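See structure below.
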Amino acid sequence: MVAEPWNTRAITGNEGVGFTFAQGREIWQGHPDRILAVMESFIEENPKTYRSLVKAMIEACQYCDRPENREEVATIISGRSFTGAKPQFTRPGIVGDYNYGGFDDQKRLVEDLATTIFFAMPKDIAKADHDHSTFLWQSESLWLITQAARWGQIAEIPKNAEEVAKKAWKTDLYRQIADDMGIVSPSEDYYVVPPGAFIDQKAFDPSDLVGYLNSFEIRANSPQFFYLQG
4 MVAEPWNTRA ITGNEGVGFT FAQGREIWQG HPDRILAVME SFIEENPKTY
54 RSLVKAMIEA CQYCDRPENR EEVATIISGR SFTGAKPQFT RPGIVGDYNY
104 GGFDDQKRLV EDLATTIFFA MPKDIAKADH DHSTFLWQSE SLWLITQAAR
154 WGQIAEIPKN AEEVAKKAWK TDLYRQIADD MGIVSPSEDY YVVPPGAFID
204 QKAFDPSDLV GYLNSFEIRA NSPQFFYLQG
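Each position in the sequence shown, counted from 1, maps to that position plus 3 in our numbering.
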């Protein structure tokens with residue numbers, strides 16, 4: 004479970020070390036990824052600073068998203084202050100010239116800017132009008148809660164899960180900040196993830212968290228039996 008430059012380094016930098024089975028976008032189309040997280044007290048004590056921080060993040064994502072800037076972004080990220088890797092290892096995932104590799108010396112090249120989605124969501128995976136990658140979908144926060152319960156990070160799904168999600172992911176505040184920048188955000192907070200968006204082909208309905216959690220046979224503390232025959 005890595006990203007650039009480590010996977011491309013494993014494929015082309017050290018012969019025979021590894022290959023890419025699936026990218027994140029093939030496990031969950033349009034999945035949530037890196038986040039900007041601060042303490043709630045920081046927002047309360049530094050409201051202007053927080054808004055400026057979010058605006059800077061959005062502007063940076065928009066800049067990185069433009070095709071004409073991606074070569075430059077790959078070079079910058081390769082600097083010692085960031086990955087410290089050679090640009091040839093960082094570049095593929097950002098520019099979208101990605102080789103999945105293999106152990107047979109064959110290139111499995113996929114050219115697609117959506118290899119890394121910085122801001123604009125491709126039309127085929129956008130969840131609603133005006134969807135963009137930095138928007139905080141409440142339904143995605145709820146999905147993360149189901150997985151925390153699935154893997155034993157929390158004892159169970161809280162009965163006030165929606166309240167917890169809204170407190171952690173301040174969607175309305177994000178809309179205000181984006182609106183200040185002239186960016187329109189989706190009007191809805193939730194969406195149903197269709198089966199085809201997930202690698203396991205399970206749909207996710209944010210209105211039935213317990214049902215979704217119980218649909219998983221593989222989970223923490225679930226006994227698995229293996230039999231060996233001599």
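Beta carbons: idealized from backbone N, C-alpha and C, even for Gly. Keep in mind that this is a model prediction, so the values were computed, not measured.
Buried or exposed (CB count within 10 angstroms, at least 16 for buried), residue i
{"i": "I157", "result": "exposed"}
{"i": "F121", "result": "buried"}
{"i": "S190", "result": "exposed"}
{"i": "V2", "result": "This structure does not reach residue 2, given that the chain is present from 4 up to 233, and the question cannot be answered."}
{"i": "I14", "result": "buried"}
{"i": "L139", "result": "buried"}
{"i": "I38", "result": "exposed"}
{"i": "S188", "result": "buried"}
{"i": "S81", "result": "buried"}
{"i": "A181", "result": "buried"}
{"i": "A200", "result": "buried"}
{"i": "T52", "result": "exposed"}
Cutoff 8 angstroms; reference residue i; Cβ partners in own chain excluding five residues on either side
{"i": "M124", "result": "G33, K130, D134, H135, S136"}
{"i": "S218", "result": "K205"}
{"i": "G151", "result": "This sequence places Ala at residue 151; Gly is not what is there. Excluding positions up to five away in sequence, the list reads I157."}
{"i": "N10", "result": "G21, T23, G96"}
{"i": "P70", "result": "L116"}
Close Cβ partners of residue i (< 6 angstroms) along its chain, the five nearest in sequence each way excluded
{"i": "G96", "result": "E7, T118, T119"}
{"i": "Y193", "result": "Q141, S142, P209"}
{"i": "C64", "result": "F121, F122, T137"}
{"i": "S144", "result": "A168, W172"}
{"i": "A88", "result": "P8, S81"}
{"i": "A223", "result": "W154, G155"}
Residue range of the alpha helix (DSSP H) that includes residue i
{"i": "S188", "result": "Taken as a continuous stretch (DSSP letters only), S188 belongs to no alpha helix (DSSP H), as it is neither H nor E."}
{"i": "Y193", "result": "That residue, Y193, is in no alpha helix (DSSP H); it is neither H nor E in DSSP."}
{"i": "N217", "result": "212-217"}
7 angstroms Cβ shell around residue i - same chain, five flanking residues per side excluded
{"i": "W146", "result": "F207"}
{"i": "K110", "result": "N102"}
{"i": "D68", "result": "F121, F122, A123"}
{"i": "K2", "result": "Here the chain covers residues 4 to 233 and nothing more, so residue 2 does not appear."}
{"i": "V98", "result": "R73, E74, A77"}
Cutoff 8 angstroms: residue i Cβ touching any chain B Cβ
{"i": "T118", "result": "Among the chains of the structure shown, chain B does not appear; only one protein chain is present."}
For this session: Can you check the stretch 89-164 for any alpha helix (DSSP H) of at least 4 residues that lies completely inside it and give the ranges in chain order?
Result: 90-98, 141-153
For this session: Tell me, please, whether the stretch 199-219 touches the stretch 169-179 by the rule of three or more beta-carbon pairs shorter than 8 angstroms.
Result: no
For this session: Identify every run of the beta strand (DSSP E) within the stretch 25-96, keeping only runs that are complete inside it and at least 3 residues long; order them along the chain.
Result: none
Exercise. Looking at C-beta atoms only, is the number of pairs between the stretch 154-168 and the stretch 56-74 that lie closer than 8 angstroms three or more?
Worked result: no
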